[in-house]
Structures are given as structure tokens and as C-alpha cells.
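Some notes on the structure that comes next.
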Amino acid sequence: MNPTYYKSITGCLRYLTCARLDILFGVGLIMWYIERPRSSHLKATKRILCFVKGSLSYSLFYSFSQNLKITGYNDSDWVGNLEDRKNTTGFMFYMENATFTWSSKKQSIVALSTCQAEYIVATSCVCHAIWLRKLLEDLQ
Amino acid sequence: MNVKSAFLNGTLEEEVYVDQPPSFVVKKEEKVYRLKKSLYRLKEAPRAWNSIIDGYLTKNEFVRCPYEHSLYVKINLQGKVMFVYLYIDDLSFTRDDFIMIQDFKQSMVKEFEMIDLGLMTYFLGIKVKWCSNEIFISQIKYAAEVLKKFAMEDYQLIDNPVEHRIKLTKERE
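Protein chains in written order, with the working numbering: chain L, 143 to 282; chain E, 187 to 359.
Written out as C-alpha cells, the structure reads:
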């Protein structure tokens, strides 16, 4: 298969995650194989495109609110990547009912237990929360 | 608002020389030009432009947010707030007070050659739809372009992006 073609699709999908957090994990998954893509990877990529096709009208909704309380959620998977045995961190933050910042990223170290994996996720989530708090304090 | 030919506004601190342009060569002289202002495709151009716009905003009592470097905040004497978000040569802004925006636009137009694009509706492939107190943000147009580019017209629709418990590997299967 032509790696350039694969890279061009994944690149387009990567930019699409700006406002489409529902495909973020899937895009992360297919991005691991941009060096030497196989047909199974292209199949997964096409599946995301099919999903996007069926959900074109999805948008993020923000409405006026006085409530500025922020809530964050995080989780980790377990050995998402079979080759390097690393897990994927995922977190997102809500203000009232609207999500405004999110992330899905493979962890940089190998966790030896599910407990450790959860700690790694919690740490990156809290780092982000601290940054958010500082930003909001500055804006006040 | 968008700044026209933004990079040409930058002033160079480094010594940069260019050859004489092909259509404007003085044959007798074997000379090159030394640039005072920046040109497009120059390594230094983005930095030079950012220094200019940063200097300008700082001079106008905007404070750069230390946690988000492209965000500038101004609080005037009446306690009204204005935010300016800078993306290379595009400025998007919001405010408490309408007069503040008018003043800002006027002074910007004096300093740089600007285009006022009005209310933000489409920015970097992201569509913004305004309804009174509500905003919808989507990439519907960009997504449609991507689907067209990769000829996805005949594919069927799927209601989830990733197969359940999928395990991809590097190996040839």
C-alpha cells in the first residue's frame, strides 16, 4: 500500500479532531502505523471516514451560562498497543454541560499495573487542570 | 480581522542580504541588497512579524496571558475587559464593551493594512454558527471536503468509529 496515501488520510483526520473528539481515539490508533501501513490499518481508517460521513452534522454546542464550575473526567485503557505494551490516556473537561478541552494520547512509559496506569492518567489530567485554573485566574 | 501582507510589516534585526531581483538588475554593479524589512519565505519573517504585533498590542495596554501566549487581555479604566486572540496574522477578539472594539479597530487600521471579516463564521476549517446566546462549533465543511477528497461517496455509513476491542499490529496479517 502507498504510505503517502495513508499519511494524507490520517493527516486530514487528525485535523478533523479539532472539533470532533468522538474520533480522537480512533485517529490516535491509526496514527501509530503511518510508517508502514497495512491493509488492516487502512480498513480501520476507512471505518473512521464512514463514521464521519454518517455524523457530518455533529457540532459542539456552547450556550451562555453563569456557572463557571469545571469538571474533568479521565480514564486509561489497558495495553492498547500490543507492540510496546503502552496504554492510552484520555481526559476531557466540561464547563457546565459543554466540553471545551480534551486529549487522547499514548502514555510515554510502560505501566506495570492497571493501578499505575490510572495514576499516570490522573497526573496528566491534573497537570492540565492546574494550567486551566491558572489561565482562568489570569482572565479574571 | 486579518492583516494584509502581514509578514512585510516585520523589521529585521539580523543582517540579511538578497540578490538583485531578475527583472531589476543593474548590470554594471556586482552588488546585493541588504534587507531592512522582512519578506515572505524568509526564516526570520514570522518572528519579526510577531515582535511587531506583540509590541503594538503591549503599547496599547494589552497584557499577554502568561499561560497562553497568543491571548492578549486588556482591562480599561471602567473595568471593561477585551480579549484578543492572535493566530499568525489573524486576530479574533471579543469584549464587554462595544466602544472598546470600535477604538481597537480604528487604531489597528491606522497602524496596519487590515481587512475586517465581521462576526467569525469560518476560521481555519472550523465553522462557527451563532444563535442569540448559543454557539455551534463544527467542522462540517472540512469533513465534507475530506470525504470528497478520498472518494467516500459509495461507502455505507457506520455508527461507531472504531471496531470493538480492535487490536492492530505492525505485522503483515
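We put the beta carbon where it would ideally sit given N, CA and C, even for glycine.
- Here L:Lys247 is bridged, per DSSP, to L:Thr231.
- For L:Ala186, at least one C-beta of chain E is nearer than 9 Å to its own C-beta.
- Three or more Cβ pairs closer than 8 Å define a contact, and the region 277-285 of chain E falls short of that threshold against the region 154-167 of chain L.
- Our two residues, L:Cys154 and E:Val332, have alpha carbons roughly 7 Å apart in a direct line.
- Note: E:Phe309 is bridge-paired with E:Ile312 in the DSSP secondary-structure output.
- In terms of Cβ geometry, E:Lys217 and E:Leu198 do not form a close pair [threshold 9 Å].
- With fewer than 16 other beta carbons inside 10 angstroms of its own, E:Gly304 counts as exposed.
- Listed in chain order, the positions of the region 257-275 of chain L with a beta carbon within less than 8 Å of a beta carbon of chain E are Trp273.
- Close partners of L:Ser199 in chain E (Cβ separation under 7 Å): Ile326.
- Against chain L, a Cβ distance below 7 Å from E:Phe336 picks out Ile151, Leu191.
- Per DSSP, the beta bridge partners of E:Glu320 are L:Ser205, E:Cys317.
- Scanning L:Ser201, L:Tyr157, L:Ser207, L:Arg189 for the CA closest to the CA of E:Asn319 turns up L:Ser207.
- In the DSSP assignment, E:Ile261 falls within the beta strand (DSSP E) that extends over 257-261.
- Residue range 145-158 is occupied by the alpha helix (DSSP H) that includes L:Tyr148.
- Assignment of E:Tyr219 by DSSP, reduced to helix, strand and coil, places it in the strand class.
- Around L:Phe206, the beta-carbon contacts reaching into chain E at under 8 Å are Asn319, Glu320.
- At least 9 Å separates the CB of L:Tyr236 from every CB of chain E.
- No Cβ of chain E is located within less than 9 Å of the beta carbon of L:Leu210.
- With contacts defined as CB atoms closer than 9 Å, E:Met300 and E:Met306 fail to qualify as a contacting pair.
- Counting along the chain, the unbroken beta strand (DSSP E) around E:Met268 starts and ends at 267-273.
- Using a Cβ distance threshold of 9 Å, L:Met173 and L:Arg156 count as a contacting pair.
- At the C-beta level, L:Gly232 and L:Ser245 come within 9 Å of one another.
- DSSP places L:Phe167 in the helix class (H, G or I) of the three-state scheme.
- Rounded to the nearest angstrom, the gap between the Cα atoms of E:Phe248 and L:Ser266 is 31 Å.
- Residue range 231-245 is occupied by the alpha helix (DSSP H) that includes E:Gly241.
- Burial state of L:Tyr175 is buried, judged by a 10 Å Cβ sphere holding 16 or more other Cβ atoms.
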